[in-house]
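Written below as structure tokens is the structure these notes are about.
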Amino acid sequence: MASSSSSCNYDVFLSFRGEDTRENFTSHLYAALCGKKIKTFIDEDLNRGDEISPALMKAIEGSKISVIIFSKDYASSKWCLNELVKILKCKNLKGQTVIPIYYHVSPSDVRKQTGTFGEGFVKLEQQFKEKAETVRKWRDAMIKTSYLSGHESTKIRPEAKLVQVIVNDILKKLECKSISSDSSKGLVGLNSRIECIKSLLCVGFPDVRIVGIWGMGGIGKTTLAKALFNQVSNEFEGNCFIENVREEIENGVGLVHLHKQVVSLLLGERIEMGGPNIPAYTLERLQRTKVFIVLDDVSEFEQLKYFVGWLHGFCPGSRIVVTTRDKQVLRKHGVNDEHVYEVERLSEDEGLELFYKYAFRQSHCPEHLTALSKKAVRYAEGNPLALEVLGSSLHQKSKQDWENVLDNLKQISGVSRIYNVLRISYEELSFEEKSIFLDIACFFKGECKDRVLILLHDRQYNVTHVLSILIDKSLITEHNNRLHMHELLQEMGQEIVRQEDIKEPGKRSRLWHHKDVRHVLKHNEGTNAIEGIFLNLAKIKGINLDSRAFTNMSSLRVLKFYIPEGLDMSFEEQHSDSKVQFPDGLDYLPEKLKYLHLHKYPLRTLPENFKPKNLIELNLPFSKIVQIWEGKKKAFKLKSINLSHSQYLIRIPDPSETPSLERINLWNCTNLAWVPSSIQNFNHLSLLCFQGCKNLRSFPSNLHFVSPVNIDCSFCVNLTEFPRISGNITKLNLCDTAIEEVPSSVECLTNLEYLYINRCKRLKRVSTSICKLKSLIWLCLNECLNLESFPESSEKINLGRTTVTELPPSFENLEGLGTLGLESWSELGNLKSFQYIGAHGSTISQLPHLLSHLVSLHASLLSGLSSLNWLNLNNCALTAIPEEIGCLPSLEWLELRGNNFESLPVSIKQLSRLKRLDLSNCKIPSRPEELDASLLQKLSKYSYDDEVEDVNVSSSIKFLFVDCIKMYEEESKKNLADSQLRIQHMAVTSLRLFYELQVMRNSLSFAPLSRSLRFVTSQIMIFILQERYKLRGTVLILPGSEIPEWFSNQNSGSEITLQLPRHCCQNLIGFALCVVLVWCDPEWSGFNIDFRYSFEMTTLSGRKHVRRRCFKTLWFVYPMTKIDHVVLGFNPCGNVGFPDDNHLTTVSFDFFSIFNKVSRCGVCPVYANPNGTNPNTFTLNFATEVWKLDDMASARGTSDEEELEPSPKRICRDDQINTP
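Note that the working numbering numbers the sequence shown so that position 1098 is 1114, with each residue one more than the last.
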């Protein structure tokens, strides 16, 4: 079993080089972790007199997560290296999570031990000549750690953002550990089962794989999946766990919503998807992200197909785990049985161990109950849930009670016995306990515990005590303050309610199934037996109810007509009529109602005779309510009102009627024009939301709030005055209002922490009194277009899209300033010290040596932006790019789309690490001389020969001239000609990678390697395979309508088929690909070019079959003009060196674009050694050719440019032109 969190003394252990980072980055990270109440060990925690090394080792062992901060001199410290070795040992033995942080160093230096890391190890090897094995362990630990997913300071800026990202990552991983720990408590045999699943996953291999976890309900599928997720998810760049897929679908949460949830979790941001298809660029981002997905309780093939139907688009190394009760779900999707783990029932010994924990609360059994315990375990049939519930029900019972219970189970077998085991625990509950159990099973599973306590509160019994009893009996669980219940127990509870009256649902106590609810309400068959009704409106088309629909339901406590939470509603759905109508009005609602939720309530008020004396929560979203009720009512228990989107509302309840109100949600109540001054008399108010109340023009004067309250007035577009309010206000949102100034009275808000005034287009002044708000943490004034000046204040300021042209002189003294947004400024002035500048959409016409003035991105840098790797200057109307652009040695992405310059600086040749250059929609007059073969060579070589820091596919090269309308036809042809050099180099690279892979495979197969060397070798193999995958993402896009002549196979349209020579596959490296795109959709301004291809294999016996089928997105951009474009790419062949009895004879390509027409296409096969004649000498010829290609330039003494000259030995075209 995985180690329990209870054995951990710390959440996080920090390993760092004190001299490098103690006084800066590490101290900031430590403070941020402590601020989030994350218990963190730092070496300053050591008590005097302790032996340092043993104390540190103990701290590492007692931590859930270790954070390793690699800095320049980390490898110079044997102390740090010993920590590192110990940390990896805890990772391997105890499942400890390890997060590497690369602080001003690269993963490549750590992995290859170059730079200061290499220097450090040289010194250590000299110092420890007699302890070579110790140094080897240090080196191995360094290499292994460098392959773990971590964070780089050069890629996440500013440093404050890096700290925030790390803290959020740690919180997420701690949450996963907490979930796993809670879910695995009491589970016996966890480790052995997890290891079996891991062996199927093969994490680290570059294929994309689905693994199934299959078994009956209650067997532990979800628990295993959660524990597995906790242990391996940190080895992936994106991960998500989607629980209870079947239940979510049954509750009306659509597949589209769940799909969007998966994509958003994988990318770590909210993704908007209007339908089932993933947006093209979002899909491309996913294809660059190695992900780990767990889909829990998938019940139908269509569900699985919907989630992973784009399996071909996953990044290599991605893994998907699916738990299900139905093995056919996996088989239909093509998951082989060998990739499906059938969850084993617990053995008798394991069953006894688990049973003892619940029956006796200890690990052993009283002698007189040994035989009965064994009988109980046999009756539970190895099902963990049944053992837990049965053990809990027999706890502290007499031997006679044991015998009676087990005798009742003796005559039952199979699944029925499992249900009866669960039923025993229910039957022992008191009436009140049964009632609350059934409420949770039918209505409140997954609900917040505090809310359930409020809604089910009863003076006759203690609900808190009842919940604790249900938890003790293993009937419900609590996690993160939410109540959960196993699906088998929920099914049992709902079946108990159904059995109350099988034929007449109106005589049951609870109704939740839409068919039963519809039948009872439509035919007025409700009775006093009904205590609760939940109707999922997404499940019905519509229904008209009689005015006396609830007249006979005097016992009704909870009534909810709802749309499932998270289910997105279209604009038409939001403004359509309610699915539940009362043509003759509504005469009656029971006074016992505690919870009333009526989505789109169609009437102007609640019934006149309704007595809300027991009402605790009232929700009438999207209703036609004008006022909640007429006259005075006594709703003294009412705590929450939600009237959002009720566009006819004109009046809210008075505090004298509802003195206990804590939350008032009036979002988008567009007809509400005034706020009564009595609103300040709500002494318990915590939320007051007027968002989108378009007719609200002002607040009453001198409102004073006693309790801490969050006031939201955003999108109140006619609110012209800053609210004259005071008191305990913590958040105030005035975004998109018509206020003209922030007055001096703002100083009265002494407890204000967050003030949002975005997009207030009339705002001109901010009073200096704002500087007196000592509690203010965040002030946001983004897109206040008329704001002319700004006072000194705050820690985080956003002034994007304002007309502020000058910051106050003392601005440089704002030491707490972490973020400054300057988007769309027309002048940047002499701002020298910023860690990040986003100039997207600004009005700058020229950059006057701006880059040369940015001299302090990080204090530790010598000069300039030497770590900057991305610069976005799209759509800035730039007329020139300064020469200083070449002074950015780390620049990888340069976005210059939509500018007015007509040439590029010569210094662009110095950008040796450039991977993406976007010149779309620019006015380049001809083929830029700066983009000669030298730069093309640098662009194409970077990802393959230079130091590559990442092992994902994010390094694929993009070189775009989309919409460069002045690039003349002759000049465009020159660029197309240069593309052949590019393809040649990638073919050489692919050939070398295959050869290196073969060498690595041979070393694993035949050489007697140590475990550490075997691990390193396998990691190198993974790296090589993933490097090869990057070749597929390399693409060139430029204006034109002709395919280069060197493409020997061309055809009109989007399809082409090639007949290849016999035995060609032993030398085939890949395919050069080219298509011409023309516009066909006038409403769309984007490119999306994908391709499919299939290999048709023929064996010596004449048998044919498809060997492989692939799908790949090349690129997605947004040109502005409707001219033809040529797209070129290279796709390495994944089947070099087929066995002798398989021969690739036919290759078919089907190109397609979603929004554009493919007018022509071309394919050119690329071979390694076309003159080879003996198939049996494949490896020798293969290796010889690699070294020929690799060493040709140096052997002749030529330059890099000469190495790329065309050579018939280096690239061979199939001379046969074929048509489909």
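Using N, Cα and C, we set each Cβ at its ideal position, and we do this for glycine too.
Neighbourhood of residue i by C-beta, 6 Å cutoff - its chain only, sequence neighbours within 5 removed
i: Gly228; result: Val338, Leu346, Val351, Val356
i: Gly34; result: none
Inter-residue spacing [alpha-carbon to alpha-carbon] between residue i and residue j
i: Thr1090; j: Cys1177; result: The sequence given here places Cys at residue 1090; Thr does not occur at that position. Cα to Cα, the separation comes out at about 6 Å.
i: Ile456; j: Val468; result: 9 Å
i: Thr895; j: Val922; result: 16 Å
i: Thr305; j: Asn246; result: 19 Å
i: Ala689; j: Leu801; result: 27 Å
i: Pro692; j: Asn630; result: 25 Å
i: Pro675; j: Gln510; result: 37 Å
i: Ile853; j: Leu797; result: Because the pLDDT at Ile853 is just 37, under 50, the model does not fix this residue reliably, and the value given afterwards should be weighed accordingly. Looking at the two C-alpha atoms, the distance is approximately 17 Å.
i: Tyr611; j: Tyr297; result: 44 Å
i: Glu259; j: Leu311; result: 6 Å
i: Val482; j: Leu274; result: 34 Å
i: Leu302; j: Asp517; result: 51 Å
i: Ser849; j: Pro174; result: Any answer about Ser849 is weak, because its pLDDT of 34 lies below 50 and its placement is not dependable; what the coordinates show is given next. Near 11 Å, if we compare the C-alpha coordinates of Pro174 and Ser849.
i: Ser717; j: Pro739; result: 8 Å
i: Asn687; j: Leu1093; result: 51 Å
i: Phe32; j: Ser93; result: 10 Å
i: Val574; j: Ile294; result: 39 Å
i: Asn25; j: Val126; result: 30 Å
i: Ala243; j: Glu191; result: 12 Å
i: Ile1072; j: Trp909; result: 34 Å
Nearest residue (CA-CA) to residue i, options the options
i: Thr340; options: Leu362, Asp313, Glu360; result: Asp313
i: Ile897; options: Leu907, Asn915, Pro739; result: Asn915
i: Ser742; options: Phe252, Pro759, Val733, Asp752; result: Pro759
i: Ala651; options: Glu607, Trp683, Ala545, Glu419; result: Glu607
i: Glu581; options: Glu266, Glu541, Arg534, Leu712; result: Glu266
i: Arg262; options: Arg932, Thr736, Ser79, Gly233; result: Gly233
i: Ile727; options: Val733, Leu701, Asp752, Ile103; result: Leu701
i: Glu354; options: Val307, Gly902, Ile213; result: Ile213
i: Leu912; options: Ile901, Ser906, Phe698; result: Ile901
i: Leu401; options: Leu438, Glu678, Glu383, Leu283; result: Leu438
i: Leu487; options: Lys519, Ile103, Ala545, Tyr442; result: Note that residue 487 is Ile in the sequence shown here, rather than Leu. That would be Tyr442, whose Cα lies nearest to the Cα of Ile487.
i: Gly51; options: Leu109, Gln180, Leu72; result: Gln180
i: Lys171; options: Ile485, Glu211, Pro123; result: Pro123
Residues of its chain near residue i, where Cβ-Cβ distance is below 8 Å and the 5 sequence neighbours each way are ignored
i: Ile186; result: Asp27, Val28, Leu49, Ile54, Ile81, Val83, Ile115
i: Glu624; result: Trp645, Glu646, Gly647
i: Glu146; result: none
Nearest-angstrom beta carbon gap, residue j and residue i [assumed within contact, 8 Å]
i: Gln597; j: Asn560; result: 5 Å
i: Ser563; j: Gly601; result: 5 Å
i: Ser694; j: Asp670; result: 6 Å
i: Val248; j: Phe330; result: Rounded, the Cβ-Cβ distance is 16 Å, inconsistent with contact.
i: Ala91; j: Phe133; result: 4 Å
i: Ile440; j: Val479; result: Rounded, the Cβ-Cβ distance is 24 Å, inconsistent with contact.
i: Phe662; j: Glu633; result: It is worth fixing the name first, because residue 662 is Ser in this sequence and not Phe. With 8 Å as the limit, Ser662 and Glu633 do not qualify as a contact, their Cβ atoms being about 16 Å apart.
i: Ile235; j: Val359; result: 5 Å
Proximal residues to residue i (C-beta, below 7 Å), its chain only, five neighbours per side dropped
i: Trp528; result: Cys458, Phe459, Phe550
i: Ile182; result: Leu45, Ile117, His167
i: Thr37; result: Ile85, Ser87, Tyr119
Residue i: first and last residue of the uninterrupted alpha helix (DSSP H) it sits in
i: Tyr46; result: 41-51
i: Pro400; result: 400-410
i: Trp95; result: 94-110
i: Asn246; result: 237-248
Enclosing beta strand (DSSP E) for residue i [first to last residue]
i: Asp313; result: Looking at the DSSP string, Asp313 is not in any beta strand (DSSP E), and its letter there is neither H nor E.
i: Pro1276; result: Limits of the chain in this structure are 17 at one end and 1236 at the other, which puts residue 1276 out of reach.
i: Asn749; result: 741-749
Residue i at chain B interface by Cβ criterion, 8 Å
i: Leu575; result: Checking the listed chains, one finds no chain B in this structure; it contains a single protein chain.
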